[in-house]
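Colleague:
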Amino acid sequence: MIVTLIVLCEAGFWVLLAVGLTLRYAAHRPRAGAAVLLCEPLLEVVLLVASAIDLRGGAEPDWKHGVAAVYIGFTVGLGPSTVRWVDARVAHRFAGGPEPVKPPVYGRARAVREWRTAGRWTVAAVIALALLQAAAWYVGDDGDTGSLRMWQQRMLWVIGVNLLIAGSYTLFPKKAPARPREDERAYRQGPGAAGE
């Protein structure tokens with residue numbers, strides 16, 4: 271039941287996103303579109319309640335409950351940025367909105383971007399860790415919480431990898447390629463390249 275509910279929640283996320291953006295841009299009903307998009311967190315509440323009921327009903331915590339906690343954490347942590355990303359592209363493509371800003375590739379700006387990304391992933395993983403811990407406490411000492419602990423370890427890895435990536439862009443920033451001056455470019459291309 272939990273796995274089916276996770277799949278339905280993921281499908282529901284994209285359906286609500288499509289309906290919300292369609293209302294906002296195609297039907298020119300921005301408030302209705304925003305209202306639909308605000309219903310998305312209800313999917314996570316349903317999944318959380320269903321997982322709690324399943325555990326309270328005597329189900330042994332296993333990988334399915336771990337995946338549910340991770341799904342909720344990642345949807346809460348990464349969902350808003352995903353919605354903003356899709357919204358900007360739909361607004362540009364179908365509503366004449368400004369072209370989405372391309373993310374920085376070089377230097378300090380890229381490092382800042384990587385730290386923001388790491389922050390979102392860390393928030394997602396911390397929420398998942400908290401839900402996994404709450405599930406372990408909910409089950410108590412009588413149940414086997416090994417699978418929940420395994421998912422907690424994975425979330426710690428997610429945090430570590432993201433911090434490592436962001437830190438690498440801070441310590442070893444990618445440098446922009448040197449752009450030769452116009453006269454150097456003509457020289458490198460050889461005679462006749464500059465209209466000679």
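Using our numbering, the letters of the sequence shown map in sequence onto residues 271 to 466. For glycine and all other residues, C-beta sits at the position ideal for the given N, C-alpha and C. Because the structure is a prediction, the values reported are computed rather than measured.
Out of curiosity, what's the CA-to-CA distance linking residue 433 and residue 423?
Modeller: Distance between the alpha carbons of residue 433 and residue 423 is about 15 Å.
Colleague: What would DSSP say about residue 376, mapped onto helix, strand or coil?
Modeller: Reduced to three states, the DSSP call for residue 376 is coil.
Colleague: Is DSSP giving residue 273 helix, strand or coil here?
Modeller: In this structure, residue 273 counts as helix in the three-state DSSP scheme.
Colleague: What did DSSP end up calling residue 330 once you bin it into helix, strand or coil?
Modeller: Coil at residue 330, not helix or strand.
Colleague: Using a C-beta cutoff of 8 Å, does residue 379 count as contacting chain B?
Modeller: No chain B is part of this structure, which consists of one protein chain only.
Colleague: Taking all protein chains shown into account, do 16 or more other C-beta atoms lie within 10 angstroms of the C-beta of residue 465, making it buried, or fewer, making it exposed?
Modeller: At residue 465 the pLDDT is 45, less than 50, meaning the model places this residue with poor confidence; the figure from the coordinates comes in the next sentence. By the 10 Å Cβ count, residue 465 comes out exposed.
Colleague: Grouping DSSP H, G and I as helix and E and B as strand, with all else coil, what is residue 294?
Modeller: DSSP places residue 294 in helix when its eight states are reduced to three.
Colleague: Would residue 398 and residue 358 be called neighbours here (beta carbons separated by less than 8 Å)?
Modeller: Going by C-beta atoms, residue 398 is not nearer than 8 Å to residue 358.
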